[in-house]
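Here the structure comes first, spelled out in structure tokens, and everything after it is commentary.
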Amino acid sequence: MIFTADDLRHLVIRDTLNYLDDWSLAAENLLLGTAAQESGLGGWNKGRRVGLYHITPAMHRAVWDKYLVNNPSLASEVRGMAGQQSFFRAPHGELVTNLKYATAIAWMIYRRANQQLPDAQNPIELGKFWHRHFHPKAKGTVADFVSNYQLLIQEQEMAVA
Numbered sequence: 012m013i014f015t016a017d018d019l020r021h022l023v024i025r026d027t028l029n030y031l032d033d034w035s036l037a038a039e040n041l042l043l044g045t046a047a048q049e050s051g052l053g054g055w056n057k058g059r060r061v062g063l064y065h066i067t068p069a070m071h072r073a074v075w076d077k078y079l080v081n082n083p084s085l086a087s088e089v090r091g092m093a094g095q096q097s098f099f100r101a102p103h104g105e106l107v108t109n110l111k112y113a114t115a116i117a118w119m120i121y122r123r124a125n126q127q128l129p130d131a132q133n134p135i136e137l138g139k140f141w142h143r144h145f146h147p148k149a150k151g152t153v154a155d156f157v158s159n160y161q162l163l164i165q166e167q168e169m170a171v172a
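Using my numbering, the first residue of the sequence shown is number 12, and each one after it goes up by one.
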């Protein structure tokens, strides 16, 4: 892990959601929990999934081709977060090198589900939402999400307090 959960929360996730005019504590906790579950807040994984949120290139393309294509103003906001040249050379690389862009794409995966967010303070409900909408065919379980959320987020926040 190259940053703390608190750094990720305040400097990346909250800033990204505010930029997209979409901040809520539930969205913030859901994305933080997703990063904890998918990569252990920044761990490397060999395979097709890349970046902090372990988004596949196919999912990245689907966000653009099936969701953002129908919302040009939102697409422009998200595109504005990507590097000007690097996005055209290696768009999936932005998911690794640009945490705010990766966070925006992760949020779009959830947003396109068009469902009410769960209780921000309930890791079990956040985990169910993750399992249903982010990687429904993943090997991870709601129990895994809750365990990672408690270990990497709640315990770290208590240690800082």
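All C-beta atoms in this analysis are idealised placements derived from N, C-alpha and C, irrespective of residue type, glycine included.
Can you find the residues in the same chain that come closer than 7 Å, C-beta to C-beta, to residue 117, ignoring five residues on each side of it along the sequence? Here residue 117 refers to the residue found at position 106 of the sequence shown. These residues qualify, in order along the chain: 42, 45, 64, 66.
Can you tell me where the alpha helix (DSSP H) with residue 29 in it begins and where it stops? On the sequence shown, residue 29 is found 18 positions in, with the first residue counted as 1. 25-30 is the extent of the alpha helix (DSSP H) around residue 29.
Contacting residues, own chain, Cβ-Cβ under 7 Å from residue 85 (five flanking each side not counted): Mapped onto the sequence shown, residue 85 falls at position 74. Excluding residues within five positions, the ones whose Cβ falls inside 7 Å are 79.
Which word fits residue 122, buried or exposed, when buried means at least 16 other C-beta atoms lie within 10 angstroms of its C-beta? Here residue 122 corresponds to residue number 111 of the sequence shown, with the count starting at 1. With a threshold of 16 other beta carbon atoms within 10 Å, residue 122 meets it and is buried.
Residue span of the alpha helix (DSSP H) that contains residue 95, given as start and end: Here residue 95 refers to the residue found at position 84 of the sequence shown. No alpha helix (DSSP H) contains residue 95, which DSSP labels as neither H nor E.
Let me check understanding here. Comparing Cα to Cα, which of 93, 159, 124, 119 lies closest to residue 110? Translated into the one-based positions of the sequence shown, residue 110 becomes position 99. That would be 93, whose Cα lies nearest to the Cα of residue 110.
Below 8 Å on the Cβ atoms is my guess for residue 37 versus residue 101; work out the distance and round it to an integer in Å. On the sequence shown, residue 37 is found 26 positions in, with the first residue counted as 1. On the sequence shown, residue 101 is found 90 positions in, with the first residue counted as 1. No, residue 37 and residue 101 are not in contact; Cβ-Cβ is about 32 Å, not under 8 Å.
Leaving out five residues on either side along the sequence, give the residues of the same chain with a beta carbon under 7 Å from the beta carbon of residue 52. On the sequence shown, position 41 is the one that residue 52 refers to. Same-chain partners within the cutoff: 12, 16, 19, 46, 163.
At which residues does the alpha helix (DSSP H) containing residue 140 begin and terminate? In the sequence shown, the residue the question calls residue 140 occupies position 129. Residue range 134-144 is occupied by the alpha helix (DSSP H) that includes residue 140.
Specify the secondary structure class of residue 66 as computed by DSSP and reduced to three states. Sequence index remark: in the sequence shown, residue 66 carries index 55 (1-based). Strand, per DSSP.
Hey, quick one: how far does the alpha helix (DSSP H) through residue 116 stretch, first residue to last? Residue mapping note: residue 116 aligns to position 105 of the sequence shown, counting from 1. Where residue 116 is concerned, the enclosing alpha helix (DSSP H) stretches over 110-122.
Compare the C-alpha of residue 127 against each of 77, 33, 113 and name the closest. As a working mapping, residue 127 is identified with position 116 in the sequence shown. The shortest CA-to-CA distance from residue 127 to any of 77, 33, 113 is the one to 33.
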